[in-house]
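Shown next, in structure tokens, is the structure this report addresses.
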Amino acid sequence: MQISINWYLLLSAVLFTIGVLGVLFRRNAIIIFMSIELMLNAVNLLLVAFSSYLSDSKGQVFVFFIMAVAAAEVAVGLAILMSVYRNSKSTDINSLNKLKG
Amino acid sequence: MITLLLIFFPLVAALLLLMVKGEQVKKIALGAAVVEFIISIAAVAQFRHNADTQFVFNMPWIKSLGISFHVGMDGISLLLVLLTTFLVPVIILTSFRKAYKNPTAFYSLILAMQFALIGVFVSLDGFLFYVFWELALIPIYFICLLWGGEDRARITFKFFVYTLAGSLLMLAGLIYLYQNSAAHTFDIANLYAAGQNMDVLHQGYVFWAMFMAFAIKMPVFPFHTWQPDTYTTAPTQGTMMLSGIMLKMGVYGVIRWLLPLAPLGVEHWAHLAITLAVIGIVYTSCIAIVQKDFKRLIAYSSIAHVGLIAAGILAGNVQGVQGAMIQMISHGVNVVGLFFIVDMLQSRLGTRDISSMGGIRNLNPQFAVLFLIVLLGSVALPLTNGFIGEFLLINGVYQYNAWLAAFAGLTVILGAVYMLRSYQSIMLGETNAVTAVFPPLEGYEKAVLVIICAAIIVFGVYPKPLLDIAEPSVIKLVDSFRAATGK
Amino acid sequence: MIKLVGLVPLLPLVGFLIIGFFGKKLSKGLAGVIGSAAVFAAFAVAVGIFFELNGQADKSVTVPLFSWITAGKLSVPFSFLIDPLSSLFLLIITGIGFLIHVYSTAYMHDDEGFSRFFAYLNLFIFFMLLLVLGSNYLIMFVGWEGVGLCSYLLIGFWFKNTAYNNAAKKAFIMNRIGDLGFLLGIILIFVTFGSISYHEVFEQAKSYATGTPVLTAIALLLFVGAMGKSAQLPLYTWLPDAMAGPTPVSALIHAATMVTAGIYMIARSNILYTLSPDAMSVVAIIGVCTALFAATIGLAQNDIKKVLAYSTVSQLGYMFLALGVGAYTGAVFHVMTHAFFKALLFLGAGSVIHAMSGEQDIRKMGGLKKYIPITQMTFLIGTLAISGFPGFSGFFSKDEILAHAYEHNKVLWFVGILTAGMTTFYMFRLYFLTFKGTFRGTHEQEHHLHESPKAMTIPLIILAVLSLLGGLIGIPEVLGGRHFLEEFLKPVFEDSSFRLVHHLSHNTEYILMAVAVAVMAGSIWYAYKTYVTDKTVPAESEEELNPLHKLVYRKYMVDELYESIITKPLNFIGEGLHKVVDNQIVDGVVNGCGYVVNGVSGVIRKAQTGNIGFYVFVMVISIVLILFTQLF
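Chains as they are written, first to last, in this note's numbering: chain Y, 1 to 101; chain E, 1001 to 1487; chain G, 2001 to 2632.
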């Protein structure tokens, strides 16, 4: 049975929304990070789905790109978080307001 | 190709200079500047006396935006390049006994600035012009900031932001023209065509956008308030670069860009702009009369001189523009001489307050004579270089409006008042505690002053070589300006 | 010889350069010899030119040297014009210049700035020659400002003295006021005629109708220049102060040559004036007012040089009167005779001062006749010449001016004759107080009294002879003579002369002469009575003077007036513009922009809470909004 593209779209939208809400409402930096990953992967899912649907491999190439970039980003991001944590003993983003204008 | 050589030789020299440490850096910088001067002389020798743009080099730079590295020189550019290459070695020579900290950086910056200045004078692409224009600001910013005097951070910041604000307007004007051009390139001919196709109203926008940038750079009243502070605070060589060469960027901009880009706009707004310039002449001359600090006095007098130049150009006739060309050279030479004299006085007496000096003539008649010649050039006595320009400029303004010319002519009187007053209180009379000891002139000091005095007299008596270089281009420029405005 | 005219200014220039560069190494004698020789050589060439010009039919030769300034249709060649007017001035300048150089070798002998003095003098001669030789207005302007510079340098020759420096500065600045007028006049000439060379301008001007406004404007602007240089009201106050310079300078620059440049300029441009009667009236009125005004001041001065200075201003006024009534030849004639007798008087005064060990106050002199007889004789001749004693040079030139004035306007004539009377009076007052009576100075001064050396007395004698006989080249027709000068200058003034017809009956002319002589004789008698018979000596202190006398003695307070209406306000304005307008208002606006940016930023920065959650929230909301606006 062929699963229609609409289901992919729906799943992707749900995952993305969960990610957005996670970023918006959680205060722990790690969880925000994971929510961002979730959003990225929601997009990845969509790209793969359309790639298959349109029989165009470009979408899959993009996904590889995004995965590579996301991996790099996580590495840098976690490093920053580590040092933030070392300095402030907290991963609560509300305490990170040193750049207040 | 000689144009490329002229542009990039100082840059290469500046970079190579970074590898040199210690005192010999001065000599190497001087040598490089002299070589550059010789290159420019070679360019003059090859220059054919007509209105064509010569030594052209054109290569695409950013193709998608229609930006190219398009450089070349006509008479107007060549004269300013010549001024730059002549003054830079003189300016370097004036610093021969200065013990600046980190001389390597200092002289590299001066040569880097020369690179940008020459770039400004030879650019035939709007974007390239803008790039060089901004590039020139960076070295002088650091020169003022690192080697300047009292309160330099605040004053340099103001200078930088003020001129940057003007440049932004210029960029906006250039982009506006670019958007309205047929070919969507920044090439000068394309921009000219774009500007000239607009109606008076839109040319007026272009006029104000560009004029503000140039007016701030020169500076013209009332956009001048950064200038006295900056000139006073900057190290002497920085002041010389600023007043001797950099302000000519603004004047050159008006001639090369403003007049052809927006002839109707110039025509429409010239009255206001000339009136501002002329008010500035008298206004700053009056202020110069009461100055006690000699450096600041010269700074104000420089605004007066430049005001006359601006008025002469905007009058839009051959006499006015030719006068501006020749006066740019003269003013560059004279003002460098005057600032050098300030420096000599300050390094000997430890003060620039003219009211505390006196009687130096008794101690050093030779210095007195050289100073007097520079001063006479500055008050535009006939047979000095200052007169040729001033006569042509007042003549040009007169053809525009007789009353404005008469008012502008007050500079003849007021200039004599403040210059003679300072000469008297510095040089004449009896010596006092401040001037009791006045060490004799050093060899390099004599050399600088003699070079400057020679230039003052030679080009006052026989200005024809300079006039001849610029004349065909100026006539072409003015003719096309007149044709565009229908006069 | 005419082709060699370049040599005339070149020789003094070379003299200047040699003395200027090697002044320190030259001995005093040598500097003096080089300076004098340069001027004498120029004089010799000038004589050659004069005779060659006289002998040939072409009375106007242009000698081009090089192209000076070109800009579009403006083209100013550096070229010289030899015509009767310029060749006459060449003779006056180099001739009298030479005599004064010779005189100076003795007068300045003990001065430490001896070689510098000669360098300046040579430079002055160079510029003065440029002034009269130029074939266009701009070359004249070069000389014009150049002589102003030399005048500045020479007035402030003793540069340690602040008062002298102030006088020098004042002279330069006042001249510059006039120069601005002159410069604008030149530009107007260029704008009107498209050229500034005399030849083309005058040729075109002839076709203009009399009274054309632009010609009047040109004439008046040029006259402003003349007012400054030739010390006319209201720009005259620098000349009396200029007496701060060494006496030979006063003789050469501030009496015989430079100050007559204004007369030369107007005589040169005669056609422009002839065609604008209004301008001529202005010239005549300013001239006659200056003549009278300065003469009244001269009546009350006690400094020997100041008296002569005011008399110079007054005589210059006379010359402008002549120009204003169209007596161009008369004006040039008076320039020449005045150069003779005024140079003589100044040099004589110098000789007196020399003898008096530097004293210049005539109240401290008296009875000098027996100590310095040659000076006294020559001074008397000069005094008689300036008074217009019949037969002396001043008589003829003054007579010519007065006759023309009478014909033009009786009031001008009356003021002229009144001034002549005053001139005679104050000159004889000066003469009597100095040479007659008994010595009033200190014993020490009396002990030192001596006649001057030959280098000083010989120029005096030559000038005395010229003052005595110089008038003979212009004997009026009515006295049965031939007016050589008028015939000589005819080519220069012929375009004007047929427009200004002169005819006075012989009887009128005789009467005018008689009146002039009578007034002169009366003045001499009154001066004799006051200062010789009654032995009056001017009061020592100002308090003894009556108010009117005091006002005149204080020179009508004009200097104080200028000080309070020009100098002080200018300083005040400068201070005001600097401290208030520039620093507060103009810069205030600039700094204001900075403050506004700061202020606005202060408000906007509040949005930067530093709360990442808030940022993200705003970002998401914004994206949603943008998507909405884009998609629907």
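Where a beta carbon is used, it is the ideal one built from N, C-alpha and C, also for glycine.
Between G/T2508 and the set G/L2479, G/S2497 and G/S2523, the nearest pair of CA atoms involves G/L2479.
Chain G has no Cβ within less than 8 Å of the Cβ of Y/I36.
Residue environment: G/P2240 is assigned as buried (16 or more neighbouring CB atoms within 10 Å of its CB, all protein chains considered). Chain-order list of chain G residues neighbouring Y/R27: G2613, by C-beta distance under 8 Å. Listed as beta-bridge partners of G/I2082 by DSSP are G/V2061. Going by DSSP, G/G2148 is part of the alpha helix (DSSP H) stretching over Y2137 to I2155.
Straight-line measurement puts the Cα of G/V2102 at about 7 Å from the Cα of G/M2456. For E/H1070, the enclosing beta strand (DSSP E) begins and ends at I1067 to M1073.
Within chain G, the residues placing a beta-carbon under 8 Å from that of E/R1421 are K2169, ordered along the chain. Chain-ordered, the chain Y residues with CB closer than 7 Å to the CB of G/V2616 read V23 and L24. In its chain, beyond the 5 residues on either side, V2076, P2077 and F2078 have a beta carbon closer than 7 Å to the beta carbon of G/W2068. Under the three-state reduction of DSSP, E/Q1054 is assigned to strand. Within chain Y, the residues placing a beta-carbon under 9 Å from that of G/G2610 are L96, N97, K98, L99, K100 and G101, ordered along the chain.
Look at Y/I31: its C-beta is not under 8 Å from any C-beta on chain G. Contact annotation: E/M1170 and E/M1210 have beta-carbon atoms nearer than 8 Å. Listed along chain Y, the residues sitting closer than 9 Å to G/V2620 by beta-carbon distance are V20, V23 and L24. Chain G places no beta carbon closer than 8 Å to that of Y/I80, leaving this residue out of the contacts.
Considering only G/I2304, G/V2352 and G/A2403, the residue with the shortest C-alpha distance to G/Y2328 is G/A2403. Listed in chain order, the non-local C-beta contacts of G/F2488 below 6 Å within the same chain comprise P2084, local neighbours out to five positions each way being set aside.
The Cβ-Cβ distance between E/T1411 and E/G1460 does not fall below 8 Å. For the options G/F2428, G/F2333, G/M2377 and G/K2369, the alpha carbon positioned closest to that of G/S2311 is the one of G/F2428. In the DSSP annotation of this structure, the continuous segment of the alpha helix (DSSP H) that includes G/K2398 starts and ends at S2393 to H2408. Take E/P1260, set aside five residues on each side of it, and the residues of its chain with a beta-carbon closer than 6 Å to its own are Y1192, in chain order.
Under DSSP, G/S2067 shares a beta bridge with G/P2077. Taking 8 Å as the cut-off, the Cβ atoms of G/L2272 and G/A2209 do not count as close. Taking a C-beta cut-off of 7 Å against chain E, the contacting residues of the stretch 2132-2149 of chain G are F2141, V2142, E2145, G2146 and L2149, listed in chain order. Just so you know, the alpha carbons of Y/D56 and Y/L46 end up roughly 13 Å apart. Per DSSP, G/I2253 is not a residue of any alpha helix (DSSP H), being assigned neither H nor E.
In the DSSP assignment, E/T1236 falls within the alpha helix (DSSP H) that extends over T1236 to M1240.
For G/E2563, no CB of chain E lies under 8 Å from its own CB, so it is not counted at the interface with that chain. The C-beta distance from G/M2258 to G/S2151 rounds to 6 Å, short enough to meet the 8 Å contact threshold. Going by DSSP, Y/D92 is part of no alpha helix (DSSP H) at all; its letter is neither H nor E. Annotation: the continuous alpha helix (DSSP H) that includes G/R2176 extends over T2162 to F2193. Y/N28 has Y/D92 as its beta-bridge partners, per DSSP. Non-local C-beta neighbours of G/G2470 in its own chain, meaning closer than 7 Å and more than five positions away in sequence, comprise M2336, T2337, F2340 and S2393, ordered along the chain.
DSSP places E/I1426 in the uninterrupted alpha helix (DSSP H) bounded by L1410 to M1427.
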